[in-house]
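Encoded as structure tokens, the structure appears first; notes follow it.
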Amino acid sequence: MKDPRSLLRQRPSIEEISERYEQMQQRLLDRLNTEVGPLSWAVSDPVSRAVCTEFPDVFDAESRVLESWRAPGNLPDADWPLAVEIVQEITIEYGFGEPEIIINRSGDHEIIGNDQFGAVYQFGTAANTVLMITTGCHLLTAAKG
Numbered sequence: 720m721k722d723p724r725s726l727l728r729q730r731p732s733i734e735e736i737s738e739r740y741e742q743m744q745q746r747l748l749d750r751l752n753t754e755v756g757p758l759s760w761a762v763s764d765p766v767s768r769a770v771c772t773e774f775p776d777v778f779d780a781e782s783r784v785l786e787s788w789r790a791p792g793n794l795p796d797a798d799w800p801l802a803v804e805i806v807q808e809i810t811i812e813y814g815f816g817e818p819e820i821i822i823n824r825s826g827d828h829e830i831i832g833n834d835q836f837g838a839v840y841q842f843g844t845a846a847n848t849v850l851m852i853t854t855g856c857h858l859l860t861a862a863k864g
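If you want it as structure tokens, here you go:
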């Protein structure tokens, strides 16, 4: 296996990737609001940081859970395919693969998607409509040099 630091140096810094995913998240919120809403999105959880379980010996790297968003209420079943299409279209531009269906039953839907760096998004609707993005492991900018 490659040296973990060498592998992490090839990835964007945690600050760069967080900014990129925040941009993706904002685009998702805006399009979902416009095309399947209106949705009253609000932050449900603040940004949190964690050590990298993938690279436990690299102390100047971290993963982040970006601000999680919630809109009260459920998307109608008839709107779910369009919502998935929007999420897929935007997340693919940011390097995420095809979404995986976790739950797909009347009134309760959830998909997740992953990227090459171990990031994952979760998008679902049941009692509320939620969007959450967790980064993979990335070095802090100060550690990349």
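Here the sequence shown stands for residues 720 to 864, where the numbers follow our numbering. We put the beta carbon where it would ideally sit given N, CA and C, even for glycine. This structure is a prediction, so every number in the text was calculated from the model and none was measured.
*Buried/exposed call for R824, threshold 16 Cβ in 10 Å*: Around the beta-carbon of R824, fewer than 16 other beta-carbon atoms lie within 10 Å, marking it exposed.
_For S732 and I830, what's the separation of their Cα atoms in angstroms?_
CA-CA distance, S732 to I830, rounds to 27 Å.
*Around the Cβ of A780, are there at least 16 other Cβ atoms within 10 angstroms (buried) or fewer (exposed)?*
Classification for A780: buried.
*asked:* On the DSSP letters alone, give me the boundaries of the alpha helix (DSSP H) that E786 sits inside.
replied: Under the DSSP assignment, E786 falls outside any alpha helix (DSSP H); it carries neither an H nor an E label.
_Assigned secondary structure, E781 (DSSP; H/G/I helix, E/B strand, else coil)_ = Assignment of E781 by DSSP, reduced to helix, strand and coil, places it in the strand class.
_So the candidates are T810, L748 and I820; which of them puts its Cα closest to the Cα of W788?_
W788 has its Cα closest to that of L748, out of T810, L748 and I820.
_Contained beta strand (DSSP E) runs [length at least 3] in the region 762-849, N- to C-terminal order_ = DSSP runs (the beta strand (DSSP E)) wholly in the region 762-849: 767-769, 780-784, 787-791, 819-824, 827-833 and 839-844.
*Who does M851 pair with in a DSSP beta bridge?*
Paired residue(s): Q841.
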